[in-house]
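Number of protein chains: 2
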Amino acid sequence: MSDLLERLRGRGWRMTAQRRVVAEVLNGDHVHLTADEVLARATDRLPEISRATVYNTLGELVSLGEVLEVATDGRAKRYDPNAHRPHQHLICSDCGAIRDVHPTGDPLSALPAAERFGFTVSAVEMTYRGRCPECARA
Amino acid sequence: MSDLLERLRGRGWRMTAQRRVVAEVLNGDHVHLTADEVLARATDRLPEISRATVYNTLGELVSLGEVLEVATDGRAKRYDPNAHRPHQHLICSDCGAIRDVHPTGDPLSALPAAERFGFTVSAVEMTYRGRCPECARA
DNA sequence: ATTAATGCAAATGCTTTGCATCTCT
DNA sequence: AGAGATGCAAAGCATTTGCATTAAT
């Protein structure tokens with residue numbers, strides 16, 4: 001909830017007009033924009049911003065841990081600024097729409113109705129991410 | 001475990017040399033090939049098979065529910081023939097290597113050491129897939 | 001002054017498509 | 001025969017890259 005821009009300033013992140021606009025566009029709850037959507041919204045406020053800068057900035061924010069990258073399988077990645085509160089994702093396999101959800105109880109069992117947002121849930125999938133022994137060695 | 005080819009025959013799947021080779025290449029446990037790897041192995045056995053056919057066939061197998069598509073974020077998708085036994089995935093963020101895992105207890109907590117295969121696990125991520133109300137209406 | 005961010009345009013990687021030809025059933 | 005699968009090559013989309021220019025500290 002606390003402002004993304006403020007958090008970034010607090011971390012001594014080098015500020016430019018472009019970076020500010022990207023952070024502003026991304027700020028908020030339930031925001032899951034694609035890079036293209038970020039570019040479109042950013043261009044409204046700052047017409048000279050380039051696609052490369054949007055990608056650069058998004059990549060930065062992800063490595064800073066301030067934004068989460070959500071892969072939607074086939075479709076363009078979405079960027080989620082809600083990195084400070086743990087949550088999971090509910091993704092529409094038709095259109096790629098995303099909702100944040102907070103499952104209760106055993107997460108592999110059905111998602112509570114109150115957390116389903118009208119979706120017909122057909123699959124739950126869990127992924128552990130890390131480094132394999134070979135890559136850790138390098 | 002039971003043979004992928006047999007299951008496909010049993011379902012009345014139209015058989016061709018190309019489809020047979022793809023199914024053979026994919027058969028087995030702990031198999032997580034990319035489309036390109038499938039093409040390479042298939043080409044060894046049937047030099048005239050085309051990339052388009054490999055993609056077509058993989059797509060078919062996925063919609064039949066006989067093969068799982070595993071998105072590895074940025075990298076090429078991998079195809080997992082182990083669709084008949086529930087399991088989760090452990091993915092290396094450096095090289096994209098995949099292992100099947102069977103977490104016990106609360107899946108969002110740490111993966112048991114015996115299931116870690118030497119990986120350093122840095123994140124667990126859960127995704128619910130389904131159809132949103134708007135798409136369901138269409 | 002230094003160091004890093006920006007913009008452009010071209011390149012990349014994976015996957016899909018259109019369409020004519022060939023093959024299973 | 002007829003529905004459907006195949007191969008080819010080109011197109012598509014999301015994302016990345018190289019490099020000269022520009023701006024922040």
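Protein sequence lines, in the order shown, are assigned to chains D and U. For the first sequence, full-length UniProt numbering begins at 1 and goes up steadily by one. For the second sequence, full-length UniProt numbering begins at 1 and goes up steadily by one. Even for Gly, the Cβ is constructed at its ideal location relative to N, Cα and C. In this text, all values refer to a predicted model and were calculated from it rather than measured experimentally.
Check	Outcome
Can you check whether the C-beta of H87 of chain D is within less than 7 Å of a C-beta belonging to chain U?	no
Looking at Y128 of chain U and L108 of chain D, is the spacing between their C-beta atoms short of 7 Å?	no
Rounded to the nearest angstrom, what separates E37 of chain U and P47 of chain D at their Cα positions?	43 Å
Examine chain D for any beta-carbon lying closer than 7 Å to the beta-carbon of L68 of chain U, and answer yes or no.	no
Would you call the region 57 to 72 of chain U in contact with the region 100 to 116 of chain D, where contact means no fewer than 3 C-beta pairs closer than 8 Å?	no
List the residues of chain D that A136 of chain U touches, going by C-beta distances under 7 Å, in chain order.	T120
So which of D:A83, D:R20 and D:R75 has the shortest CA-CA distance to V54 of chain D?	D:R20
Using Cβ-Cβ distances below 7 Å, what residues of the region 86 to 106 of chain D are close to chain U?	Q88, H89, L90, I91, C92, S93, D94, C95, A97 and V101
Take P133 of chain U as the anchor and find which of D:E125, D:D94, D:V124 and D:C132 has the nearest alpha-carbon.	D:D94
For D73 of chain U, return the contacting residues in chain D, with the cut-off set at a CB-CB distance below 7 Å.	A71
Measuring only the C-alpha atoms, how far is E125 of chain D from Q88 of chain U?	7 Å
Interface residues of chain U around residue 194 of chain D at Cβ under 7 Å?	Since the displayed chain D opens at 1 and closes at 138, residue 194 of chain D lies outside it and no answer follows.
Taking just the CA atoms, how far does D3 of chain D sit from H32 of chain D?	16 Å
Please report how far the alpha carbon of V22 of chain U lies from the alpha carbon of N27 of chain D, in whole angstroms.	46 Å
Helix, strand or coil for S63 of chain U? Go by DSSP, reduced to three states.	helix
Would you call the CB atoms of T120 of chain D and A136 of chain U closer than 7 Å?	yes
Ignore the nearest five residues each way along the sequence and tell me which others in R75 of chain U's own chain have a CB closer than 7 Å to its CB.	G96
Among the residues of its own chain, which have a CB less than 7 Å from the CB of A17 of chain U, if the five just before and after it don't count?	L46
Measuring only the C-alpha atoms, how far is R131 of chain D from C92 of chain U?	5 Å
Name the one or two DSSP bridge partners that L58 of chain U has.	BP columns for L58 of chain U are empty, so no partner.
Thinking C-beta only, is K77 of chain D closer than 7 Å to E66 of chain D?	no
At the 7 Å Cβ level, is R131 of chain U part of the contact set with chain D, yes or no?	yes
Leaving aside the five residues before and after V25 of chain U along the sequence, list all residues of the same chain whose C-beta is less than 6 Å from its C-beta, in chain order.	V38, R41 and A42
So what does T127 of chain D bridge to, in DSSP terms?	U:H89 and U:E125
Can you confirm whether T127 of chain D, when its beta carbon is compared against all beta carbons of chain U, has any partner nearer than 7 Å?	yes
Taking any Cβ of chain D, which residues in the region 35 to 63 of chain U have a Cβ under 7 Å from it, in chain order?	none
How would you list, in chain order, the residues of chain D whose beta-carbon sits under 7 Å from the beta-carbon of L108 of chain U?	P107
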